[in-house]
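Peer 1: In order, the protein sequence lines correspond to chains C and U.
For what it's worth, this note's numbering labels the leading residue of the first sequence as 177, then goes sequentially.
For what it's worth, this note's numbering labels the leading residue of the second sequence as 177, then goes sequentially.
Just so you know, even glycine gets a beta-carbon here, dropped at the ideal spot from N, CA and C.
No experiment lies behind these values; they were computed from the predicted model shown.
One structure, as structure tokens, below. Some questions next.
Number of protein chains: 2
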Amino acid sequence: MEQQAALRAAIAQGQGAEPADLVLKGGRIFDLVTGRLFDGDLAICGDRIVGAQGRYKGREELDVAGLTLVPGFVDAHLHIESSLVTPHEFERCVAPRGVTTAICDPHEIANVLGVAGVRWFLDAAAEMVMDLRVQLPSCVPSTEMETSGARLEAADLLPLLAHPKALGLAEVMNYPGVLAGDPGLLAKIAAFAEAGRHRDGHAPLLRGLPLNGYLAAGIRTDHEATSAEEALEKLSKGMAILIREGSVSKDLRALLPVLTERHSPFLALCTDDRNPLDIAEQGHLDHLIRAAIAGGAEPLAVYRAASHSAARIFSLGDRGLLAPGWRADVVALDSLESCRARLVLCGGRVVGEGAFAARPPLPAIGRGSVRAPRVAAADFLRPAPPGERPVIGVVEGKIITERLAAAPPRDASGAPLADPSRDLAKVVVVERHGRNGNIAAGLVRGFGIRRGAIAATVAHDHHNIVCVGTDEADMALACNRLAEIGGGYAVAAGGAVLAELACPIAGLMSELPFDEVRRTLEELRSAAQSLGVVLHEPFLQLSFLALPVIPHLKITDRGMVDADRFELIGP
Amino acid sequence: MEQQAALRAAIAQGQGAEPADLVLKGGRIFDLVTGRLFDGDLAICGDRIVGAQGRYKGREELDVAGLTLVPGFVDAHLHIESSLVTPHEFERCVAPRGVTTAICDPHEIANVLGVAGVRWFLDAAAEMVMDLRVQLPSCVPSTEMETSGARLEAADLLPLLAHPKALGLAEVMNYPGVLAGDPGLLAKIAAFAEAGRHRDGHAPLLRGLPLNGYLAAGIRTDHEATSAEEALEKLSKGMAILIREGSVSKDLRALLPVLTERHSPFLALCTDDRNPLDIAEQGHLDHLIRAAIAGGAEPLAVYRAASHSAARIFSLGDRGLLAPGWRADVVALDSLESCRARLVLCGGRVVGEGAFAARPPLPAIGRGSVRAPRVAAADFLRPAPPGERPVIGVVEGKIITERLAAAPPRDASGAPLADPSRDLAKVVVVERHGRNGNIAAGLVRGFGIRRGAIAATVAHDHHNIVCVGTDEADMALACNRLAEIGGGYAVAAGGAVLAELACPIAGLMSELPFDEVRRTLEELRSAAQSLGVVLHEPFLQLSFLALPVIPHLKITDRGMVDADRFELIGP
Numbered sequence: 177m178e179q180q181a182a183l184r185a186a187i188a189q190g191q192g193a194e195p196a197d198l199v200l201k202g203g204r205i206f207d208l209v210t211g212r213l214f215d216g217d218l219a220i221c222g223d224r225i226v227g228a229q230g231r232y233k234g235r236e237e238l239d240v241a242g243l244t245l246v247p248g249f250v251d252a253h254l255h256i257e258s259s260l261v262t263p264h265e266f267e268r269c270v271a272p273r274g275v276t277t278a279i280c281d282p283h284e285i286a287n288v289l290g291v292a293g294v295r296w297f298l299d300a301a302a303e304m305v306m307d308l309r310v311q312l313p314s315c316v317p318s319t320e321m322e323t324s325g326a327r328l329e330a331a332d333l334l335p336l337l338a339h340p341k342a343l344g345l346a347e348v349m350n351y352p353g354v355l356a357g358d359p360g361l362l363a364k365i366a367a368f369a370e371a372g373r374h375r376d377g378h379a380p381l382l383r384g385l386p387l388n389g390y391l392a393a394g395i396r397t398d399h400e401a402t403s404a405e406e407a408l409e410k411l412s413k414g415m416a417i418l419i420r421e422g423s424v425s426k427d428l429r430a431l432l433p434v435l436t437e438r439h440s441p442f443l444a445l446c447t448d449d450r451n452p453l454d455i456a457e458q459g460h461l462d463h464l465i466r467a468a469i470a471g472g473a474e475p476l477a478v479y480r481a482a483s484h485s486a487a488r489i490f491s492l493g494d495r496g497l498l499a500p501g502w503r504a505d506v507v508a509l510d511s512l513e514s515c516r517a518r519l520v521l522c523g524g525r526v527v528g529e530g531a532f533a534a535r536p537p538l539p540a541i542g543r544g545s546v547r548a549p550r551v552a553a554a555d556f557l558r559p560a561p562p563g564e565r566p567v568i569g570v571v572e573g574k575i576i577t578e579r580l581a582a583a584p585p586r587d588a589s590g591a592p593l594a595d596p597s598r599d600l601a602k603v604v605v606v607e608r609h610g611r612n613g614n615i616a617a618g619l620v621r622g623f624g625i626r627r628g629a630i631a632a633t634v635a636h637d638h639h640n641i642v643c644v645g646t647d648e649a650d651m652a653l654a655c656n657r658l659a660e661i662g663g664g665y666a667v668a669a670g671g672a673v674l675a676e677l678a679c680p681i682a683g684l685m686s687e688l689p690f691d692e693v694r695r696t697l698e699e700l701r702s703a704a705q706s707l708g709v710v711l712h713e714p715f716l717q718l719s720f721l722a723l724p725v726i727p728h729l730k731i732t733d734r735g736m737v738d739a740d741r742f743e744l745i746g747p
Numbered sequence: 177m178e179q180q181a182a183l184r185a186a187i188a189q190g191q192g193a194e195p196a197d198l199v200l201k202g203g204r205i206f207d208l209v210t211g212r213l214f215d216g217d218l219a220i221c222g223d224r225i226v227g228a229q230g231r232y233k234g235r236e237e238l239d240v241a242g243l244t245l246v247p248g249f250v251d252a253h254l255h256i257e258s259s260l261v262t263p264h265e266f267e268r269c270v271a272p273r274g275v276t277t278a279i280c281d282p283h284e285i286a287n288v289l290g291v292a293g294v295r296w297f298l299d300a301a302a303e304m305v306m307d308l309r310v311q312l313p314s315c316v317p318s319t320e321m322e323t324s325g326a327r328l329e330a331a332d333l334l335p336l337l338a339h340p341k342a343l344g345l346a347e348v349m350n351y352p353g354v355l356a357g358d359p360g361l362l363a364k365i366a367a368f369a370e371a372g373r374h375r376d377g378h379a380p381l382l383r384g385l386p387l388n389g390y391l392a393a394g395i396r397t398d399h400e401a402t403s404a405e406e407a408l409e410k411l412s413k414g415m416a417i418l419i420r421e422g423s424v425s426k427d428l429r430a431l432l433p434v435l436t437e438r439h440s441p442f443l444a445l446c447t448d449d450r451n452p453l454d455i456a457e458q459g460h461l462d463h464l465i466r467a468a469i470a471g472g473a474e475p476l477a478v479y480r481a482a483s484h485s486a487a488r489i490f491s492l493g494d495r496g497l498l499a500p501g502w503r504a505d506v507v508a509l510d511s512l513e514s515c516r517a518r519l520v521l522c523g524g525r526v527v528g529e530g531a532f533a534a535r536p537p538l539p540a541i542g543r544g545s546v547r548a549p550r551v552a553a554a555d556f557l558r559p560a561p562p563g564e565r566p567v568i569g570v571v572e573g574k575i576i577t578e579r580l581a582a583a584p585p586r587d588a589s590g591a592p593l594a595d596p597s598r599d600l601a602k603v604v605v606v607e608r609h610g611r612n613g614n615i616a617a618g619l620v621r622g623f624g625i626r627r628g629a630i631a632a633t634v635a636h637d638h639h640n641i642v643c644v645g646t647d648e649a650d651m652a653l654a655c656n657r658l659a660e661i662g663g664g665y666a667v668a669a670g671g672a673v674l675a676e677l678a679c680p681i682a683g684l685m686s687e688l689p690f691d692e693v694r695r696t697l698e699e700l701r702s703a704a705q706s707l708g709v710v711l712h713e714p715f716l717q718l719s720f721l722a723l724p725v726i727p728h729l730k731i732t733d734r735g736m737v738d739a740d741r742f743e744l745i746g747p
């Protein structure tokens, strides 16, 4: 009966028989179907639009004269953990920029806390202002070559589908597993297919017949296309392309040629991993939209990809147009080109501190998740034979590494040492899930670090402690400090901690407001630079040193990994 | 486990590791995403495509060299009853033309048999070769001004949603009821919204704020736009437009200007009501496609509307592209322009007599549904005052009628008579659901009938007997003959039945093969012409004389109806 009353009110308000709950007066609507701009009011009843292209009276009226109205933006794929803040803080930061729907994959917290972490995201989503939809992580752990905090099988995921915020199966990264017919993975894909849920993809550089095999599994979306040619092949094989512009992986420029009106029904935008510095300095989806239009893409194609098409691709059929009967997700912009939001409505509510204040606080989770052994310099000094050893070659701005080799200096016991004069640093991984206390050590080149250590528990995908440094004592100090503060980032030198960001939520997310996290990250970056570090984003690059599903040479708690052959390298 | 095995096979066949179940060799694929044509094989495993744009080996191979492959067509809205044959015969006729999905509204049988008629369609659909989806009729009866055989409320419809072939709520024709907040109608709309099902529209000429009110109810599709201007307004208000080309209502020419690539994601094609003569002579959706391209529409826009877009609009997300992971609904054409199908696959099965023969026979239904009183000439001779009386003015090729007036001759008792010299015929409606035996009589102009009578039980929307003639005895003979044969069509003159088509399934559908029905219809047309009838489609026009939701003057078993004011006209 309540639904019927809401329906009756919507119909009455839509035909102007009663004042609307809310009217945006005097704006200009960008119609994503015909590409036309319409002057006129936008009438809203409850959470839905009920009137457009007409004049309306409202019980509440907001003046949007001079502004252009577009549908709320949909981030089609991201890991909120990469923003280093809670979902609450994330939306405080991006919803005012026009992001009214985000499709997140809590892959990071799932690797630490398992189902409990996913549930925490689902329950948080239920109370948020934006519509956060949660994909259920498909690849936890993403590899057997590292110790993870959890393991998720189909039987763990399926009960979560009953949650109203659960969407589908998150990026199926293990494409070799799909092609090889891995039974556990196929069980997940089959179960989600049977439930009629979306199965999201992740298939960098996959082409030709192997791509066909992957698609035959019913996977329909991909955010890993990095060239127009790759994107075109995937599009023409029925795969929707999510154009990604993250903090590490930036594909917008390369994919601009496919961002056309013709392809627009099959395109979406996403941020994947975007850190607080980039969000603050450049923006979020608003940045992608601005950059795409500045790069020459048609506004109609861009705004379709940013809203209606993304929603359609993920079967969120209630949103993406500013028309009667559609969800009242509205962004009022200075102009289509500037994409500066002056007012944002999400489900008919004005996005702002008032709406945010009404949310119940998030329950605590993941405290004390960094259960690493207390380490000392000696733990990182293990004798090894003389001669050349493999060295991870870090490449500025890329998560792919090079496979190098060098003969390091050794101490009296024969343990390899750093050699800053040759930009040869030590890298260690310390298992921190309380499973086995594994410690692995190796060598890395490219950071430029000349003294001290930098360390993180944000280390994809399994989030053990990863630390790069030249001095074993400082490295141990940084690692131990992370265990003390519940995880996060630390910089140590000369026996002192120079900077740190505590991320007590699973060792992944801070409890601080977004702005403070951003300021602390700037301090961390300065501290790292004071040690000689030359990379623009040393902590992001540190975070990907332990990800063995990306070529070519990586390190996990079990040792150095040949990521091309998916093999651990013996000592 | 069975699903997992199917998935494993699909992946293996897609990457070419195993021979595919079926390969279409050497064709050219029309890619509806990029608009490009790709030479290459199409590999199929079970019911899905697993390979494209490559070379494949198959356990079975079919040569399609020289042919162009497009996705199977989706008829987005039709009443199968209007084809006058069973669902089995309907698909035998249209599936070989490329229609692999049809979204039907069993509105006609529902008005006669209620839930039992809808269930019969649902169960028939489950055994068919094409994928027939059934919308649940929203407006049974469509008006209170006529006696119907059944009444369907929300509580009757909701249990049917559990059937795998049930799609959503069929065309909500009663738009005045929506705008007035009719509680029974709102209950249906709200219930289908809550179930997450599509709500289909029907809103001829509705524009401006009333259209907004109708759309605010969450109705998303319309097949009643008859001008480009109307279609553009509806499109820009988020309503998908189903371009209709039926036997009576033909909108393709008027809507060609909106059939563009830009709008194509929001367009579909439909036939609504298409009779066996037109299907045989012109075609079905293939005719629409040919005509649209011949009329200047871009093939990409047309084929998108005919398949992928229609599927998306109705949330059938598994079909509409020829790509790995998509349903194997494939049409091999001589050319995009000719749209002549040489081979059709539906869910991976070759459409043809072999597949049709495998269907279990349809259960009998609706026999003896014509429960009309036995009538005599005297029943149609009721005294009336002298002077002018309202006359229905039939317009060739339109279901809208004119409101005319004339003073008919009268017999000795004062009963109005026909006057062929002024093209003034009598029209009667005889209630045939066994409810009340109502008989109403009136006058009609435009048939040109000079003697005898033509009669039908196919009389939208409630399917009482409607009969037009000049001789009351022949009219009674035709009506009584329809009751004897279980309904259908009859032509009588000089005390004899000249031609007839028995439609024993609810008085709506023949049990004969499609070709025989077509031949019989030609006989009926000839017989009608022999009586002087000048209309090209006299039986179609007869069928709409009793539809009081269409302007301006109509007749039901309760009397003449002012269809503009929705009022019965007193004697």
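Asparagine 388/U CB to nearest chain C CB: under 8 Å?
Peer 2: yes
Peer 1: Run down chain C in chain order and give the residues with a C-beta less than 7 Å from the C-beta of tryptophan 502/U.
Peer 2: Gly414
Peer 1: Could you please give me the residues that DSSP links to lysine 426/C through a beta bridge?
Peer 2: Glu421/C
Peer 1: At a cut of 8 Å, does the segment 662–681 of chain C reach the segment 540–549 of chain C through at least three beta carbon pairs?
Peer 2: Here the segment 662–681 of chain C lies against the segment 540–549 of chain C, with 3 or more beta-carbon pairs under 8 Å apart.
Peer 1: Name the residue from His264/U, Ala271/U, Arg268/U and Ser324/U whose alpha carbon lies nearest to the alpha carbon of glycine 748/U.
Peer 2: As shown, chain U starts at 177 and ends at 747. That puts residue 748/U outside it, with no answer to give.
Peer 1: Evaluate serine 318/C with the Cβ neighbour count: other Cβ atoms within 10 Å of its Cβ, from every protein chain shown; 16 or more gives buried, anything less gives exposed.
Peer 2: buried
Peer 1: In terms of alpha-carbon separation, which member of Glu648/C, Gly624/C and Ile575/C lies closest to leucine 729/C?
Peer 2: Selected option, being the one with the closest Cα: Ile575/C.
Peer 1: If you measure from the beta carbon of aspartate 555/C to each beta carbon in chain U, is any gap under 8 Å?
Peer 2: No, because no Cβ of chain U sits closer than 8 Å to the Cβ of aspartate 555/C.
Peer 1: Does valine 250/U get closer than 8 Å to chain C when you measure Cβ to Cβ?
Peer 2: no
Peer 1: Answer with buried or exposed for arginine 235/U, where buried requires no fewer than 16 other C-beta atoms within 10 angstroms of its C-beta.
Peer 2: exposed
Peer 1: Using the rule of at least 16 other Cβ atoms within 10 Å of the residue's Cβ for burial, across every protein chain shown, is leucine 381/U buried or exposed?
Peer 2: exposed
Peer 1: Out of Leu411/C, Val354/C, Arg420/C and Asp223/C, which one is the CA nearest neighbour of histidine 255/C?
Peer 2: Arg420/C
Peer 1: Measuring CB atoms only, is the segment 557–569 of chain C touching the segment 609–629 of chain C, in the sense that at least three cross pairs come out at less than 8 Å?
Peer 2: yes
Peer 1: So with CB distances below 8 Å, who are the chain U contacts of threonine 210/C?
Peer 2: Leu408, Leu411, Ser412, Arg438 and His439
Peer 1: Among all the DSSP beta bridges, which residues are the ones paired with tyrosine 665/C?
Peer 2: According to DSSP, which records beta bridges pairwise, tyrosine 665/C is partnered with Ala632/C and Leu677/C.
Peer 1: For the segment 434–468 of chain C, list every residue whose C-beta sits within 7 Å of some C-beta in chain U, in sequence order.
Peer 2: Cβ contacts with chain U: Glu437, Arg438, His439, Pro441 and Phe442.
Peer 1: Looking at glycine 422/C: is its Cβ nearer than 8 Å to the Cβ of aspartate 398/C?
Peer 2: no
Peer 1: For the segment 482–516 of chain C, list every residue whose C-beta sits within 7 Å of some C-beta in chain A, in sequence order.
Peer 2: Of the chains in the structure shown, none is chain A; the protein chains are C and U.
Peer 1: Using only the alpha-carbon positions, how far apart do valine 424/C and serine 440/C sit?
Peer 2: 25 Å
Peer 1: State yes or no: is the beta carbon of phenylalanine 807/C nearer than 8 Å to at least one beta carbon in chain U?
Peer 2: Here chain C covers residues 177 to 747 and nothing more, so residue 807/C does not appear.
Peer 1: Indicate whether leucine 200/C and leucine 260/C have their beta-carbon atoms separated by less than 8 Å.
Peer 2: no
Peer 1: Please classify asparagine 451/C: is it buried, with 16 or more other beta-carbons within 10 angstroms of its beta-carbon, or exposed?
Peer 2: buried
Peer 1: Could you name the residues that DSSP lists as bridge partners for alanine 342/U?
Peer 2: According to DSSP, residue pairing for alanine 342/U in a beta bridge involves Val310/U.
Peer 1: Under 7 Å between beta-carbons, which chain C residues line up against glutamate 370/U? List them in chain order, please.
Peer 2: Gln179
Peer 1: Mind pulling the chain C residues with CB within less than 9 Å of isoleucine 279/U?
Peer 2: Those within 9 Å of isoleucine 279/U in chain C number zero; the least Cβ separation is about 16 Å.
Peer 1: Can you say whether aspartate 740/U is buried or exposed, counting buried as having 16 or more other CB atoms within 10 angstroms of its CB?
Peer 2: exposed
Peer 1: Which runs of the alpha helix (DSSP H), 4 residues or longer, sit entirely within the segment 345–413 of chain U?
Peer 2: 351–355, 359–370, 384–392 and 404–412
Peer 1: Taking a contact to mean a Cβ-Cβ separation below 8 Å, would you say leucine 684/U touches valine 288/U in this structure?
Peer 2: yes
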